[in-house]
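Beneath this line is the structure, given in structure tokens, with notes to follow.
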Amino acid sequence: MGGLTDRQWILLQEATWETLYMVGVATLIAVVAGLPLGVLLATTGRGGVFQMPLLYRVLGIVVNVGRSLPFIILMVAIMPFTRAVAGTTIGTTAAIVPLAVASIPFFARLVESSLLEVDRGLIEMIQASGGTSVDVVRKALVPEAVPSLIRGVTVTLINLIGYSAMAGVIGGGGLGDLAYRFGYQRFEGTVMLWTIIVLLLLVQVVQWLGDLLARLATRR
Amino acid sequence: MIEITNLRKVYQAGRHEIVALDDVSLHVGAGEIYGVIGESGAGKSTLIRCVNALERPTSGTIVVDGQDITRLPKPALRRARQNMGMIFQGFNLLSARTAAQNVALPLEIMGMSRAQRRDRVMEMLRLVGLEDRANAFPARLSGGQKQRVGIARALAGSPHVLLSDESTSALDPGTTSTILDLLKSVNRQLNVTILLITHEMEVVKRICDQVAVLEGGRIVEQGRVGELAANPTSRIAHSFFPQFTNETRASGSTRIVVPVGADADLTRILVALEDRYDVRTNVVGGSLEHVGDKRQGQFTLDLANGRTAEAIQWLQASHPGAQVL
């Protein structure tokens, strides 16, 4: 079917699931860890409700270090950490570690910019109502930024689909691994073509879903 | 209810100091509507934001409901703020919440139970005439409706004080008028003290009991609106009523500005001038305005012939404030 043997077809399916698994779990971790980190970035800076310049500077440096490393280098550089966390550096589960590490600071910066775009008047309104700084975050900053945060998750997901292909090359499995092995090492153009089609579809569906959810969350 | 004494606020802009407020003192009695009017940059925003400590004054004291706001530690300040509702020029409604959920916000902060909140929210929405829009999101509300939600929210926690930061400046004249009526009616119904800042003289004329004119961070005039309106030399009267220069005065005549109260009648004055003093009067111009619940007018008259000096004496005695230009 589609110029693929039955065996290749099964491999393609497996690889797709592996990619979804890696990207899904890594995104989940990125959101769970990146959201609080992003909130800290957005609130500890100058004029923030938890103004703490030292913490802000330290977090900023940590996040920038995470973001300045090209993924393929980061992946290799943190192998000892990956082994400590996942017990191995090979395989799909192990690949989740560098993917998550790379996307936490990425998503955190997106969260920061989303929260900074919330109207300052709303922050003052919460304060004028006798609210605490925690109220500012819980009742104004985060809820008002939800559509923008959803777009941030979408961008992170798509970014991770790209990263996951690189993770595949060093033994992470998934579509990148498949394309590399068949397309590059064995000159099986058809398999590569199919991985490209699947990747394209994945990105399209993720973008479409993200846009839909962001639109639903915007109260107009 | 609000006692501001010698308030001073200085901003540091690089090496320069900018004095936003300079020795501002004012007293807002319980149940009053007090207006602070001034042009943009006069310091009125800074003033109102000092009252609920969104900004900290450089020196001076602000006592609200017996508490010195400038000296309160954070938790006590938050409780004090719950006693001061605030409405804003930009409404500041949460776009992700319905009208009802916006009104509920201060009640959540106060820790009120869900059931109590629901009742109170509906009560407040009824008060501002929006019970049928309870589940509408702000994007679906008009400017006037948004400000009504803002007012309902500000009053939900039963505060003693309402702070209004240019609350009608973003509204068209018709909507401004209904919002002013609403402010006046909540002031009377709930006995809430209102401190408002505005650059619109109409707001002062319509609803304020007292007014302070702020210029370059200083109060240049303050007092009861009715009294200032009846005094042709005041800045308030100058902006309430049409002003005429002396240039058009015919030679040999005397130009006088006469405040005309609610009980006075321009015709009666003209008749008296003619009958008693043989004075021929030319009405240069003037107007009669609603100032609060009363009517106050001011007319500029040119007096000629007859016993002008006596006529002026009589005018100044019977209409205090009458002033020869």
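Going line by line, the protein sequences match chains A and B. With this note's numbering applied, the first sequence closes on residue 220, and no number is skipped along the way. With this note's numbering applied, the second sequence closes on residue 1325, and no number is skipped along the way. In this text, a Cβ means the ideal position worked out from N, Cα and C, and glycines have one as well. Model, not experiment: these values are computed from the prediction.
Can you tell me where the alpha helix (DSSP H) with residue i in it begins and where it stops?
| i | result |
| --- | --- |
| His1238(B) | Arg1235 to Phe1240 |
| Lys1205(B) | Met1201 to Ile1207 |
| Ile1312(B) | Thr1308 to Ser1318 |
| Leu1353(B) | This structure leaves residue 1353(B) out entirely; chain B is present only between 1001 and 1325. |
| Val136(A) | Per DSSP, Val136(A) belongs to no alpha helix (DSSP H) and is neither H nor E. |
Would you kindly work out how many angstroms separate the C-alpha atoms of residue i and residue j, rounded to a whole number?
| i | j | result |
| --- | --- | --- |
| Ile1151(B) | Ile1179(B) | 9 Å |
| Gly1157(B) | Pro1073(B) | 21 Å |
| Met1086(B) | His1160(B) | 11 Å |
| Ser114(A) | Ile1194(B) | 36 Å |
| Pro143(A) | Ala1096(B) | 7 Å |
| Phe1088(B) | Met52(A) | 29 Å |
| Asn1135(B) | Asp1293(B) | 36 Å |
| Leu40(A) | Gly1297(B) | 59 Å |
| Phe1091(B) | Leu55(A) | 33 Å |
| Ala102(A) | Val169(A) | 17 Å |
| Asn1231(B) | Ile1004(B) | 26 Å |
| Arg138(A) | Arg1140(B) | 24 Å |
| Gly1060(B) | Arg1008(B) | 6 Å |
| Ala1170(B) | Leu122(A) | 17 Å |
| Ser1142(B) | Val1149(B) | 11 Å |
| Leu1163(B) | His1027(B) | 14 Å |
| Ala1104(B) | Leu1093(B) | 12 Å |
| Ala77(A) | Tyr1011(B) | 49 Å |
| Thr5(A) | Glu188(A) | 11 Å |
| Ile1069(B) | Met1112(B) | 24 Å |
| Gly45(A) | Gly66(A) | 19 Å |
| Glu1108(B) | Arg1117(B) | 8 Å |
| Gln204(A) | Ala1099(B) | 36 Å |
Can you tell me whether DSSP reads residue i as helix, strand or coil?
| i | result |
| --- | --- |
| Val49(A) | coil |
| Pro1259(B) | strand |
| Ile78(A) | coil |
| Asn985(B) | Residue 985(B) is absent from the model: chain B starts at 1001 and stops at 1325. |
| Thr1176(B) | helix |
| Phe1299(B) | strand |
| Arg1268(B) | helix |
| Gly171(A) | helix |
| Asn64(A) | helix |
| Asn159(A) | helix |
| Asn1282(B) | strand |
| Leu1130(B) | coil |
| Arg1049(B) | helix |
| Val146(A) | helix |
Measure the Cβ-Cβ separation of residue i and residue j and say whether it is below 8 Å.
| i | j | result |
| --- | --- | --- |
| Ile161(A) | Thr19(A) | yes |
| Ser1287(B) | Phe1244(B) | no |
| Val1036(B) | Leu1214(B) | yes |
| Glu1289(B) | Lys1205(B) | yes |
| Phe1277(B) | Glu1310(B) | It is Tyr, not Phe, that sits at residue 1277(B) in the sequence shown. Cβ atoms of Tyr1277(B) and Glu1310(B): closer than 8 Å. |
| Ser148(A) | Leu99(A) | no |
| Arg1280(B) | Ala1304(B) | yes |
| Leu1266(B) | Phe1299(B) | yes |
| Phe106(A) | Asn159(A) | yes |
| Val111(A) | Gly210(A) | no |
| Thr92(A) | Gly174(A) | yes |
| Ile984(B) | Leu1183(B) | Since the first and last residues shown for chain B are 1001 and 1325, residue 984(B) lies out of range. |
| Arg1056(B) | Gly130(A) | no |
| Val206(A) | Leu157(A) | yes |
| Ile1207(B) | Asp1165(B) | no |
| Met22(A) | Gly172(A) | yes |
| Arg1153(B) | Gln1145(B) | no |
| Ile1219(B) | Val1024(B) | yes |
Could you give the residue range of the beta strand (DSSP E) that holds residue i?
| i | result |
| --- | --- |
| Ala1020(B) | His1016 to Val1028 |
| Met192(A) | From DSSP, Met192(A) is part of no beta strand (DSSP E) but of the alpha helix (DSSP H) over Gly189 to Ala217. |
| Val118(A) | Careful: Val118(A) lies outside any beta strand (DSSP E) and carries neither H nor E. |
| Asp6(A) | Run containing Asp6(A): none in the beta strand (DSSP E); it sits in the alpha helix (DSSP H), Asp6 to Thr44. |
| Gln1012(B) | Ile1002 to Ala1013 |
Output yes if chain C places a C-beta closer than 8 Å to the C-beta of residue i; else output no.
| i | result |
| --- | --- |
| Ile1109(B) | Looking for chain C here will not work: the only protein chains present are A and B. |
In chain order, what residues of the segment 100-133 of chain A put their CB closer than 8 Å to some CB of chain B?
Asp119, Gly121, Leu122, Glu124, Met125, Ile126, Gln127, Ala128, Ser129, Gly130, Gly131 and Thr132
Name the residues in the segment 157-184 of chain A whose C-beta lies less than 7 Å from a C-beta of chain B; which are they?
none
In the segment 1084-1106 of chain B, which residues sit with their C-beta less than 7 Å from some C-beta in chain A, listed in chain order?
Met1086, Phe1088, Gly1090, Asn1092, Leu1094, Ser1095, Ala1096, Leu1105 and Pro1106
Residues in the segment 72-104 of chain A with C-beta within 9 Å of chain B's C-beta atoms, listed in sequence order?
none
Looking at chain A, which residues of the segment 1303-1317 of chain B have a Cβ within less than 9 Å of any of its Cβ atoms?
none
Near-chain A residues of the segment 1055-1088 of chain B - C-beta to any C-beta below 7 Å
Arg1078, Arg1079, Arg1081, Gln1082, Met1086 and Phe1088
Determine which residues of the segment 2-24 of chain A have a Cβ less than 9 Å from any Cβ of chain B, and write them out in chain order.
none
Against chain B, which members of the segment 133-150 of chain A pass a CB distance test of less than 8 Å?
Asp135, Lys139, Ala140, Pro143, Glu144 and Val146
If contact means a Cβ-Cβ distance below 7 Å, which residues of the segment 1121-1151 of chain B contact chain A?
Phe1137 and Ala1139
When you check each C-beta in the segment 1185-1219 of chain B against every C-beta of chain A, which residues fall closer than 8 Å?
none
Between the segment 42-53 of chain A and chain B, which residues of the former have CB atoms less than 8 Å from a CB of the latter, in chain order?
none
Residues in the segment 1041-1053 of chain B having any Cβ partner in chain A nearer than 7 Å:
Asn1052
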